[in-house]
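Engineer: Can you keep this structure in mind? I'll have questions shortly.
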């Protein structure tokens, strides 16, 4: 038997080649084993992610259903409270003593505020569950906007603000859901009053020939907008304004900028008015845009498509 020192050149070459081949095979086997482990790990992770995604969707549906059901059930006793307060103020159960007037007024204000919050949560839950119904009909904009503006006159007067309307004499008729349109405008106007301490609010209309430039800002804002005339209803205030970094955040649910103290719920609000307004605008085929500068006020514009025949 020969030793390694007695091997010839060809034999050494064959031996080295055999060793290299064996190392390559072992290396390939190790790589394949590692790849198989990674593949199994990825499959397991994918299954876990699918399970978690399904669970999150299920929990989200349960949350939406729960909010919708609870909000609906809360409406009945709240409406009863508001109804009995009205009867008390009208003297159906006897005239109120002077000392009783203020407490009854506070009960009415608190009940109305709570009913408004319940309505917002219910609307949000319905939109999340896809259960919010749309009923379109022709709407004459000029008298409609004047009627909505009259609803907030008392709020404007309480803060000694001015309210101006700049509208064309002949505005086009639009086909939309009047209930949702009213809710959007009331939310935008209420928001303007809330954050304006001096100066005033202007409601202005604009008619343009094509869709305004617009970038989708939420998953609910991906509509294919028609290339037709559009009407813009602008709510312009001289309030505190909104910083550029916060202008997209205020359309997120429960987000607020410059909110009041936590103990003052009426001032603080819920952070749902603007998100609901933008979602409702998308549902009726429109959009809500914002232009603002800190210390100089804000302009919220509700854009709605106009049928060329109108």
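Residue numbers (my numbering): 256 to 565.
For every residue, glycine included, the Cβ atom is placed at its ideal position computed from N, Cα and C.
Quick caveat, the model's predicted, so the values are computed rather than measured.
Should residue 452 be listed as close to the ligand SAH, given that the test is whether its C-beta is under 8 angstroms from any heavy atom?
Structural biologist: As far as ligands go, the structure on display features none, and thus does not contain the ligand SAH.
Engineer: Could you give the DSSP three-state label for residue 465: helix, strand or coil?
Structural biologist: The answer is coil: DSSP assigns residue 465 none of H, G, I, E or B.
Engineer: Under the three-state reduction of DSSP, which class applies to residue 527: helix, strand or coil?
Structural biologist: Of the three classes helix, strand and coil, the one that applies to residue 527 here is coil, per DSSP.
Engineer: From 427, 388, 404, 345, pick the residue whose C-alpha is nearest to that of residue 563; which is it?
Structural biologist: For residue 563, the nearest C-alpha among the options comes from 427.
Engineer: Shortest alpha-carbon distance to residue 466 belongs to which of 487, 456, 449, 447?
Structural biologist: Of the candidates 487, 456, 449, 447, the one whose C-alpha sits nearest the C-alpha of residue 466 is 487.
Engineer: Could you have a look at residue 361 and say whether DSSP puts it in helix, strand or coil?
Structural biologist: Three-state result, residue 361: helix.
Engineer: Could you spell out where the beta strand (DSSP E) holding residue 407 opens and where it closes?
Structural biologist: Residue 407 -> no beta strand (DSSP E), and no H or E assigned at all.
Engineer: Within its chain, find whatever has a CB closer than 8 angstroms to the CB of residue 404; leave out the 5 residues flanking it on each side and keep chain order.
Structural biologist: Here the set comprises 418, 420, 444, 458.
Engineer: Residue 311 to residue 507, Cα distance in whole Å?
Structural biologist: Approximately 20 angstroms between the Cα atoms of the pair.
Engineer: When you compare the region 386–400 with the region 428–435, are there three or more beta-carbon pairs, one atom per stretch, that lie closer than 8 angstroms?
Structural biologist: At 8 angstroms Cβ cutoff, the stretches touch.
Engineer: Using the C-alpha atoms, what's the distance from residue 539 back to residue 378?
Structural biologist: Roughly 14 angstroms separates the two Cα atoms.
Engineer: For my contact list, residue 333 and residue 369 are in at a C-beta cut-off of 8 angstroms; report their separation, rounded to the angstrom.
Structural biologist: Contact flag correct, Cβ pair sits at about 6 angstroms.
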